[in-house]
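All residue numbers for the sequence shown refer to the working numbering, where the first residue is 2 and numbers rise by one.
Glycine included, C-beta positions come from ideal geometry on N, C-alpha and C.
Inspection log for the structure reproduced underneath, given as structure tokens.
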Amino acid sequence: MRSRDRGQVTVEFLGMTPLILITLVLLWQFVLVGYTFVLAGNAADEAVRAATEVAPGERQGACEAAGRDKLPGAWEGGAQVSCAGGGGYVTADVTLKVPVLFPGAADFPFEVKGHAGAVEEETD
Numbered sequence: 002m003r004s005r006d007r008g009q010v011t012v013e014f015l016g017m018t019p020l021i022l023i024t025l026v027l028l029w030q031f032v033l034v035g036y037t038f039v040l041a042g043n044a045a046d047e048a049v050r051a052a053t054e055v056a057p058g059e060r061q062g063a064c065e066a067a068g069r070d071k072l073p074g075a076w077e078g079g080a081q082v083s084c085a086g087g088g089g090y091v092t093a094d095v096t097l098k099v100p101v102l103f104p105g106a107a108d109f110p111f112e113v114k115g116h117a118g119a120v121e122e123e124t125d
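Right under this line is the structure:
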């Protein structure tokens, strides 16, 4: 009876290997989506902070530079950074593409958006 079960663990492991690999790939992709959300939010925070510290005429340039400054290279290329202001309030919007499995290779057709706002600092 015991000899009939020989090799059963190996067969079961080989059968489960594709499921294990698919699970790991999906988990990694979810990590990349989450990381992209974190990057977009942080870039928007940095962009709005920089935009509040400069004169309104220099706002967009400072906003874009600060929003892209800390982004890793794979996310920086497709990033869209914009700032708007009025009424003493400045907002920054950052849009990033989500990479598929390996950053820099291919992107999903959807984008992740980050938004931040801050009160304008008074300049004397």
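### Task
Quick one: residues in its chain with C-beta nearer than 7 Å to the C-beta of ALA63, no 5 flanking neighbours on either side, listed in chain order?
ALA51, ALA52 and VAL55
### Message
With DSSP as the reference, identify every bridge partner of VAL26, one or two as the case may be.
### Response
Answer is none; VAL26 lacks a bridge partner.
### Task
Would you identify the three-state DSSP class for GLY115, choosing helix, strand or coil?
strand
### Task
Report yes if the C-beta distance between PRO110 and ALA75 is below 9 Å; otherwise report no.
no
### Query
Is the beta carbon of GLY118 less than 9 Å from the beta carbon of VAL82?
no
### Query
In chain order, what residues of the same chain lie with their CB nearer than 8 Å to the CB of TRP29, ignoring the 5 residues before and after it?
LEU102
### Query
Counting along the chain, where does the alpha helix (DSSP H) carrying ALA93 start and finish?
ALA93 -> not in any alpha helix (DSSP H); beta strand (DSSP E) instead, spanning 90-100.
### Task
Determine, using beta carbons only, whether GLY86 and ARG60 come nearer to each other than 9 Å.
yes
### Query
Should GLY58 go down as buried or exposed, given a rule of 16 or more other Cβ atoms within 10 Å for buried?
exposed
### Task
Locate the alpha helix (DSSP H) running through ALA106, then write down its first and last residues.
Run containing ALA106: none; DSSP gives neither H nor E here.
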